[in-house]
Structures are given as structure tokens and as C-alpha cells.
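Okay, so here's the structure we're looking at.
Residue numbers (my numbering): -9 to 348.
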């Protein structure tokens, strides 16, 4: 087996925008550039061999992806006829599976200051759809109701959401380095989340953001289900996220909650300017109810482009699917077909906006 090595220049170029911990960089640099054995770091840092191997593999994989060279080939510089250059460009495409774009993990929070709006429905179906596309999806359930944890119970990994606020710098590395992180991984809600409100917001947000950033070594997408009220937990999620979306029912109290949510997002952008609002998702829309039709018109007139260009209708099959801990497309009823189309339109739209699929 050829020994994995990198030059200082290659290491610097590969890691300049790589979202990994300083410890991972130290280990990978020592092994890949300086040629030190992995056992040296396992003994010095008191980490498992699997954790050391994972750190090296994280940087090496990034280097290979940047190089875009298929296995069995080497990078060379050459001037080729157009038809041959076309073939060479296909090599890079061979590294993409099911249209997935290989890049750093993207984090999406579902948030609105009103319960029962569809946050869990959205989070769970994004997780189910992401997994079937081949994405490694982490779901952090910060909602004290724990509905996402119920629906995704089969994917629980044993780590609890409150631990994402622990002052333990190697928490994620020690927990995920030696496990298979394919498919969906649920970080379950728990009662200790209530204790987060005793922390200063800055401290809580820093701890969560640090652990979320560490997850990027092992996952492609992180989905955060938030509590239905403004709190340290919700604010920390928004300060840790790249994107936020807000499902909203077409009822007066729901629209009031959405108005407050827009103000919260605008204020938190001062501390997290990278946060992008993907928009409001009209949910449980019933065209036969006049107030729904009227409120939909009010919503689109008031917020225009901030409202997603589609809606989810009021359909029992969606609630049935969540209760059965499966996605709606696994409900074997004719009535579920329209719901499936609407849900898949939503997931496609969100993943494209997040730029995790083509």
C-alpha cells in the first residue's frame, strides 16, 4: 500500500478553508507531512487508534477531493484535444454520487416562535430524504417536546442534545470517530436542555457552535429542530446555523409568531452574518377554508420573496407517517401521493438552496 504523504504546500492549501479542530490539524500534519507514526499521537494524546486514523483520513479525503483524481491515476499537467479534455473532466464527476456536492457540512435550523407549525415534519423529512440521497445527516433535537426524537428514534446514537452544550472539546471526536455515520444520526432531546437557560447566551452559543463545527468531520448536513419559543437554546441554534427556515400555518396566531421570528432572525444576523433565511413554508394549507386563503394572500403580500413558492396542504398521511416513524412516501395509500409530491418539492428546494445537491 502506498504511504499517504503531503507536502507543506499541499497541506496548507488543503486545510486553509477546512472546518476541523486544531487537534485534527496537528495530528494530520504530523502523520501526512512529517511522517510520524499514528501510534505516536495515540500515545501522546491518549486517543484511540480509530480517532487518530479518522483525523488523518479527514484531511487526506479533503486533499483527494481537491485533487479530483480518481483512484489509480495521478495528477499531471497536459494540453489535450477537446474531446480528450472532456473525458478528463468526467473524472471529477465520477466523484459525485446522486448529484451530491462534496463540501463542508451545512447546518439548517427550523425555527418559529409558535408550536405545532411543522418544524418536526420538515426536519424529519429533510433527514429521510437526505439519507436516501446518500448524505450523512445529523439531527439535533433541541425541542423539549421531543417529537423529532420520537419519529427518528431508530437512528438515535446515544448522544443527548444537552451534551452539545457541555464544555468538552473532544466530545464529538471521541463519540463519532469510530462509528459508521452514514444515513441519519439522531442526537436525542433530553430533560437537561432546561439547564441551558441558566447559562449566558454567549457561553451557550459558543459551546453549541463549537460542537456543531466538529460534526462537520463526520456529516454532510446538520438539521436542528428548535423549541417553539425564544430562548438560549433557540438563539444558540440560530447562531450556530448556516441557514434557517420557518414552517408556518395560516392562522392568525401563527402569522403573529412568524412576524416575531423574522425580527429575531434579523437581530441575530448581527452576531451571525452568514445566517441565510431560506424562507417561510406555508403548512397545513386548506384552500377550502376562507381564512387560510386570505392569510396566504396576506403572508405573500407582506413578505413576498421570503415565502417559499409552494405549500404543504393539510393531509392526514403526513401525520400518519410521522407517527409511524417513516417518511410519507412509505405510506402505501393513494392519498399519500400528493403529500409525497409536496414534501419532495420542499426537500429538493431546501437542499438546492443549501447547495448540498445539484
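Built from N, CA and C at the ideal position, the CB exists for glycine as well.
Outcome for residue 207 when other beta-carbon atoms lying within 10 angstroms are tallied against a minimum of 16:
Buried is the call here.
Since residue 115 is in the alpha helix (DSSP H), which residue starts that stretch and which ends it?
Following the DSSP letters along the chain, one finds residue 115 inside the alpha helix (DSSP H) bounded by residues 109 to 122.
Distance, residue 137 Cα to residue 130 Cα:
Linking residue 130 to residue 137 through their CA atoms gives a straight-line distance of about 12 Å.
Give the C-beta separation of residue 211 and residue 127 to the nearest angstrom, bearing in mind that I take them to be a contact with Cβ-Cβ under 8 Å.
Yes, residue 211 and residue 127 are in contact; Cβ-Cβ is about 5 Å, under 8 Å.
Could you check whether the region 174 to 185 touches the region 144 to 158, counting it as contact only if at least three pairs of C-beta atoms, one from each stretch, sit closer than 8 Å?
The region 174 to 185 and the region 144 to 158 touch, with no fewer than 3 CB-CB distances between them shorter than 8 Å.
Find the nearest neighbour of residue 19 within the set 258, 36, 37, -2, judged by alpha-carbon distance.
Nearest option by C-alpha distance: -2.
Pull the bridge partners of residue 237 from the DSSP assignment, please.
DSSP output for residue 237 lists 271 as bridge partner(s).
By the DSSP assignment, the alpha helix (DSSP H) with residue 313 in it spans what residues?
Here the alpha helix (DSSP H) through residue 313 covers 306 to 313.
Of the choices 98, 32, 345, 338, whose alpha-carbon is the least far from that of residue 214?
Looking at the Cα atoms, 98 is the closest of the given residues.
Extent of the continuous alpha helix (DSSP H) to which residue 193 belongs
Looking at the DSSP string, the run of the alpha helix (DSSP H) that includes residue 193 is 191 to 205.
Provide the residue span of the alpha helix (DSSP H) that contains residue 213, from first to last.
Residue 213: not part of any alpha helix (DSSP H); member of the beta strand (DSSP E) spanning 211 to 215, first to last residue.
Just to confirm, is the Cβ distance from residue 185 to residue 158 under 8 Å?
When the beta-carbon positions are compared, residue 185 and residue 158 stay at least 8 Å from each other.
For residue 97, write down the residues that DSSP places opposite it in a beta bridge.
Residue pairing by DSSP puts residue 97 in a beta bridge opposite 212.
Short of 6 Å in beta carbon distance, which residues of its chain neighbour residue -9, apart from the five on each side in sequence? Order them along the chain.
Summary for residue -9: the model assigns pLDDT 44, below 50, so the residue's position carries little reliability; its value from the coordinates is reported in the next sentence. Excluding positions up to five away in sequence, the list is empty.
Output needed for residue 219: all residues of its chain with C-beta closer than 7 Å, excluding positions within five of it in sequence on either side, in chain order.
The answer, listed in chain order, is 103.
Going by beta carbon distance, what residues of the same chain come within less than 6 Å of residue 315, once the five residues before and after it are set aside?
Answer for residue 315: 141, listed in chain order.
Buried or exposed: which applies to residue 109, given that a residue is buried once 16 or more other Cβ atoms fall within 10 Å of its Cβ?
Here residue 109 is buried. Its C-beta has 16 or more other C-beta atoms within 10 Å.
Could you tell me the alpha carbon to alpha carbon distance between residue 278 and residue 286, rounded to whole angstroms?
Residue 278 and residue 286: Cα-Cα distance of roughly 12 Å.
Which term fits residue 291, buried or exposed, when burial requires 16 or more other beta carbons within 10 angstroms of its beta carbon?
Burial call: exposed.
Could you give the residue range of the beta strand (DSSP E) that holds residue 177?
Segment 174 to 178, the beta strand (DSSP E) holding residue 177.
According to DSSP, residues forming a beta bridge with residue 150:
Residue 150 is bridged by DSSP to 178.
Three-way DSSP call (helix, strand, coil) for residue 59 in this model:
Annotation note: pLDDT 48 at residue 59 (below 50); position unreliable, coordinate value reported separately. Here DSSP, grouped into helix, strand and coil, assigns residue 59 to coil.
Could you check what DSSP says for residue 128 in three-state terms: helix, strand or coil?
Correct three-state label for residue 128: strand.
Over what stretch of residues does the alpha helix (DSSP H) that includes residue 11 continue unbroken?
In the DSSP assignment, residue 11 falls outside any alpha helix (DSSP H) and carries neither an H nor an E.
Is the CB-CB distance between residue 227 and residue 101 below 8 Å?
Against a cut-off of 8 Å, the Cβ pair of residue 101 and residue 227 comes out as a contact.
Name the residue from 180, 162, 233 whose alpha carbon lies nearest to the alpha carbon of residue 202.
With distances taken between Cα atoms, residue 202 lies closest to 162.
Can you tell me the Cβ-Cβ gap for residue 41 and residue 167, rounded? I've got them flagged as a contact below 8 Å.
That belief holds up - the Cβ atoms of residue 41 and residue 167 are roughly 4 Å apart, short of 8 Å.
Shortest alpha-carbon distance to residue 8 belongs to which of 29, 31, 45?
Nearest in C-alpha terms to residue 8, of all of 29, 31, 45, is 45.
Since residue 303 sits in a beta bridge, which residues does DSSP pair it with?
As DSSP reads the structure, residue 303 sits in a beta bridge with 275.
Hey, could you find the ends of the alpha helix (DSSP H) residue 30 is sitting in?
DSSP places residue 30 in the uninterrupted alpha helix (DSSP H) bounded by 28 to 35.
For residue 242, which of 199, 288, 222 has the nearest alpha-carbon?
The shortest C-alpha to C-alpha distance from residue 242 to any of 199, 288, 222 is the one to 288.
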